[in-house]
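Start counting the sequence shown at 1; every next residue gets the next number (the UniProt record's numbering). Note that beta-carbon positions come from the ideal geometry of N, C-alpha and C, so glycine has one too. These numbers were taken from a predicted model, which means no experiment stands behind them. First up is the structure itself, then whatever we jot down about it.
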Amino acid sequence: MSSKPVSYGTADDKMKALNKKFRRTGISNGLISGLTYGIYSTLVMVASGYDPLVSAAGILAAPFICSGLNDLFAGIFLLFFNAKKGRLKEMRRTLKTKPGKLLVLGFLLGGPIANGAYLIGLALAGVYAIPISATCALFGALFAWIFLKQRPTARVIVGMLICVVGAIVINWTKPEGAENFTLGIIFALVAAICWGLEGVLSSFGGAMIDTDVAVNMRELISGLVVLVLIVPAVGAFPLLGDTFLAIKPVYWLILSGLSAAVSFLTWYKANSTVGTAIGMSLNVTYAFWGVLFCVLFLNQPLTTTIVVGSIVIVSGAILVTMNPLDLLKKESE
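In structure tokens, the structure reads:
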């Protein structure tokens with residue numbers, strides 16, 4: 001009795017298929033992180049438009065209130081998510097490991113420092129700060145090259161430079177009435193540098209630690225550090241109480257916290273699966289989404305520089321993540 005031989009394919013074919021699926025998942029996560037961070041940026045600006053935040057004195061108080069509450073709410077959402085998955089015990093274990101400690105350093109850079117600087121940039125420079133902060137992809141690729149030996153190809157480098165050009169185009173013309181515009185751009189650049197460093201640290205630690213747990217820790221640590229240490233230090237504790245009493249801005253910050261939770265969860269997964277350079281390049285598409293949503297829902301002026309610059313940034317991010325010639329090859333096959 002004979003039977004037909006069963007073809008299982010070669011090990012190389014299976015590995016290629018697995019790598020392709022792995023890469024596709026990473027790219028999908030990166031794109032989702034960009035979309036949801038654009039939503040987060042818009043919702044925070046909405047919250048900042050309500051009293052008492054909109055009339056707060058100084059340039060630090062309101063942004064750090066928004067940053068702390070947003071990250072805390074995001075952390076709470078993720079706590080429920082991880083509790084349902086039975087992962088809460090992993091948080092304590094993670095803190096005892098070397099990768100976990102490196103992640104905490106990244107949390108502090110990307111949370112209290114970067115997110116605070118980003119929101120200050122939004123407060124001072126408006127929607128123009130969004131694409132400037134998106135140069136974090138360039139810094140992420142640079143730091144990954146230096147510390148993780150993830151040498152970028154010529155195509156990746158060109159794509160990153162295109163992203164930078166797009167950011168420059170958007171900020172070419174200073175908007176009217178923005179007295180502290182340059183200072184806002186500087187704060188957005190500080191956020192970009194710190195997010196670039198966080199991307200490297202998350203890529204290293206996230207590859208060995210459950211990303212769901214890592215992001216949960218990131219948001220909780222960031223929110224608590226801002227609200228417990230930074231808010232009192234800048235004299236904003238009374239403003240925190242007034243914000244809760246106002247209720248409306250808190251509602252918007254709860255929604256922004258949910259968006260941020262999804263964004264950072266998918267961003268960390270993208271970094272740990274397809275590398276920092278590609279993960280961050282996909283994430284910076286939030287510059288396009290953030291500008292688009294602010295124009296549509298917050299009545300931000302639609303200028304030629306914003307349109308052209310946003311398209312350039314997205315084009316650069318696509319060039320980093322894929323070779324356009326691959327599409328032509330597939331069509332010819």
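The three-state reading of DSSP puts Ile59 in coil, since its state is none of H, G, I, E or B. In the three-state DSSP reduction, Tyr37 falls in the helix class (H, G or I). In the structure shown, Ile247 adopts coil according to DSSP, grouped into three states.
Excluding residues up to 5 positions away in sequence, Pro52 lie with their Cβ nearer than 6 angstroms to the Cβ of Asp242 in the same chain. One alpha carbon belongs to Val262, the other to Thr36, and they sit about 7 angstroms apart.
Contact between Leu265 and Asp210 is ruled out by a C-beta separation of about 11 angstroms, above the 8 angstroms threshold. Between the alpha carbons of Gln150 and Ala144 lies a distance of about 6 angstroms.
In the three-state DSSP reduction, Ala270 falls in the helix class (H, G or I).
The DSSP-derived three-state label of Ile209 is coil.
Secondary structure note for Val169: its alpha helix (DSSP H) is the uninterrupted segment Ala154 to Ile170. 7 angstroms or more divides the Cβ of Leu72 from the Cβ of Gly184. Phe187 is positioned such that its CB atom lies no closer than 7 angstroms to that of Gly106.
Remark: C-beta atoms of Asn115 and Gly199 do not approach each other more closely than 7 angstroms. Annotation note: the stretch 87-129 contains the following uninterrupted alpha helix (DSSP H) runs of length 4 or greater, listed N- to C-terminal: 88-95, 98-108 and 116-125. In the displayed model, Ala134 falls within coil according to three-state DSSP, outside both helix and strand. By the criterion of at least three beta-carbon pairs nearer than 8 angstroms, the stretch 119-136 is in contact with the stretch 56-66.
Note on geometry: alpha-carbon atoms of Ser202 and Tyr268 lie some 6 angstroms from one another.
Contact check for Val226 against Pro112 passes: the beta carbons are separated by less than 7 angstroms. Contact between the stretch 37-51 and the stretch 284-300 is present, with at least three C-beta pairs closer than 8 angstroms.
In this structure, DSSP gives Arg218 a helical state, which the three-state scheme calls helix.
With a contact defined as Cβ atoms closer than 8 angstroms, Gly38 and Gly235 miss out at about 32 angstroms. Excluding five sequence positions before and after Phe77, the CB atoms of its chain that fall closer than 6 angstroms to its own CB belong to Leu258 and Ala261, given in chain order.
The alpha carbon of Lys174 has as its nearest neighbour, out of Leu31, Arg24, Thr305 and Arg23, the alpha carbon of Thr305.
Taking 8 angstroms as the upper bound for CB-CB distance, Cys136 and Val284 are in contact here, some 7 angstroms apart.
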